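Numbering (this note's numbering), first residue to last: 109 to 466.
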C-alpha cells in the first residue's frame, strides 16, 4: 500500500502541471485582462465626468493599440500597468514564476481586493464548507434510509412512486429549484418564511448562542435543500442497488434459515457489507458538493463563499485568485480522491489496489 500511495502522490505533480498549463494557455487567448479592466474603468469614469461637466471632444494623442479604449492614455501609464500586473514579461516566464511561487504555496495578492489570495480563500471558505457539509449530511441522512427501504420493498408501489419522485428531483436543475424556493418561501410571491439572502442576520454577533444557531439554520435551510435535491437520486439508488446485491447472497439466506429476524439480518449482517461503497464515497461526495454544487446556489442566495468568489474573479480577470483557487482545488480534489481509495481499503481489507495495478 505504501508504494501505491507514493505513486499516486507522484502522479499529482504532472496532473497539476497539466491543469495549470492548459488553463494558463486558455487565458492567453481570452479577451480582456486586468489591464483592460483598469482601462475600461477609467473610460467609464471619464465618460461619467464628461456627462456631469459637459466636457467632451476628441481624445488626445498617445495610448496603445494593444488595448481597446487606450487611445488618449499615456503609453508610460499603460507600461506601468503591465509592469504592475506582471505582463511586461513573456508568457513562459510568467508561467514558470507562477509554478515556482505555487510550489511554495505563495499565491500572491488579488489584483483588485488588496488582500492575499490565501487570506481571501480562508475568509470565504467557512460559507462554502457550511453548505457542503450540511448538504452532504442531509443527503446521507435521507438517501440511506430511503434506499434501504426501497431495497426491502423492491418492486412494490412504494418503490415505484419514490423512484419517480427521486428522478423528478434529479431532473430539476439545482439553480431552478433554488429560484422556486425563493419565490415560494422567501418573500417572492407567496410566503416569507425564510430570509432572502446571507448566512446570518444583521447584528448576529449580539445574539445569544441558542439564537445564533437558530438564526444560522434559518438562513442556511433553503440553500442546503436546493443543493441536496440533485444528490438524493444518485445516493438513494446506489444504496438500494448495493443492498439488493447483498440481500440476494447466500449468507443472507443462511441467516434467515437459522431463524434470525429480518431486522437482525438486515442491520446486523447486510448493512455493514452493503454500506462499504456508500461510506467510502463520503469524502468524494463532500468535495464534489463543496466545489461544484455551491457556485450557482451562492449567487442565487447572495452567499459570499468560494463559488461567488470564483465567479467574480473570472469576470474581473483577477488572475491570482483564479489560478490560486484552481491550484488549491485541484490539489485538494486529488488528495480527497486518494483518501477515498484508502477509505475503501480501511473499510474492506480485501480490496488491494496494488495487486490490481500489477
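A virtual CB, placed ideally from N, CA and C, is assigned to each residue, including glycine.
These numbers were taken from a predicted model, which means no experiment stands behind them.
For the alpha helix (DSSP H) holding residue i, just list the boundary residues, first then last.
| i | result |
| --- | --- |
| residue 382 | 379 to 382 |
| residue 243 | 225 to 260 |
| residue 266 | 265 to 279 |
| residue 416 | 414 to 423 |
| residue 316 | No alpha helix (DSSP H) holds residue 316; DSSP gives it neither H nor E. |
| residue 195 | That residue, residue 195, is in no alpha helix (DSSP H); it is neither H nor E in DSSP. |
| residue 359 | 358 to 365 |
Among all the DSSP beta bridges, which residues are the ones paired with residue i?
| i | result |
| --- | --- |
| residue 294 | 300 |
| residue 217 | 224 |
When you compare only the Cα positions, how much space is there between residue i and residue j?
| i | j | result |
| --- | --- | --- |
| residue 430 | residue 405 | 19 Å |
| residue 256 | residue 347 | 7 Å |
| residue 454 | residue 387 | 11 Å |
| residue 321 | residue 302 | 15 Å |
| residue 412 | residue 370 | 48 Å |
| residue 410 | residue 337 | 19 Å |
| residue 468 | residue 424 | Because the chain here runs from 109 to 466, residue 468 falls outside it and cannot be looked at. |
| residue 254 | residue 298 | 31 Å |
| residue 196 | residue 184 | 12 Å |
| residue 349 | residue 259 | 7 Å |
| residue 236 | residue 251 | 22 Å |
| residue 242 | residue 358 | 38 Å |
| residue 229 | residue 127 | 20 Å |
| residue 171 | residue 137 | Here residue 171 scores only 48 on pLDDT, less than 50, and its place in the model should not be relied on; the value that follows carries that caveat. Taking the straight line joining both Cα atoms gives about 22 Å. |
| residue 157 | residue 218 | Here the model assigns residue 157 a pLDDT of 49, short of 50, so the residue's position is not dependable, and the following value carries that caveat. Roughly 28 Å between the two C-alpha positions. |
| residue 271 | residue 318 | 38 Å |
| residue 113 | residue 443 | 11 Å |
Quick one, are the C-beta atoms of residue i and residue j less than 8 Å apart?
| i | j | result |
| --- | --- | --- |
| residue 293 | residue 249 | no |
| residue 225 | residue 432 | yes |
| residue 239 | residue 308 | no |
| residue 282 | residue 334 | yes |
| residue 125 | residue 435 | no |
| residue 247 | residue 384 | no |
I think residue i touches residue j, with their Cβ atoms under 8 Å apart; what is that distance to the nearest whole Å?
| i | j | result |
| --- | --- | --- |
| residue 203 | residue 132 | 5 Å |
| residue 340 | residue 287 | With a Cβ gap of about 19 Å, residue 340 and residue 287 do not count as contacting. |
| residue 378 | residue 364 | Wrong, their Cβ atoms sit about 11 Å apart, outside the cutoff. |
| residue 428 | residue 215 | 6 Å |
Does any C-beta atom of chain C lie closer than 8 Å to the C-beta of residue i?
| i | result |
| --- | --- |
| residue 374 | Of the chains in the structure shown, none is chain C; there is only one protein chain. |
Run the proximity test for residue i: is its beta-carbon closer than 7 Å to any non-hydrogen atom belonging to the ligand GDP?
| i | result |
| --- | --- |
| residue 317 | What this structure holds is no ligand at all, so the ligand GDP is not there to describe. |
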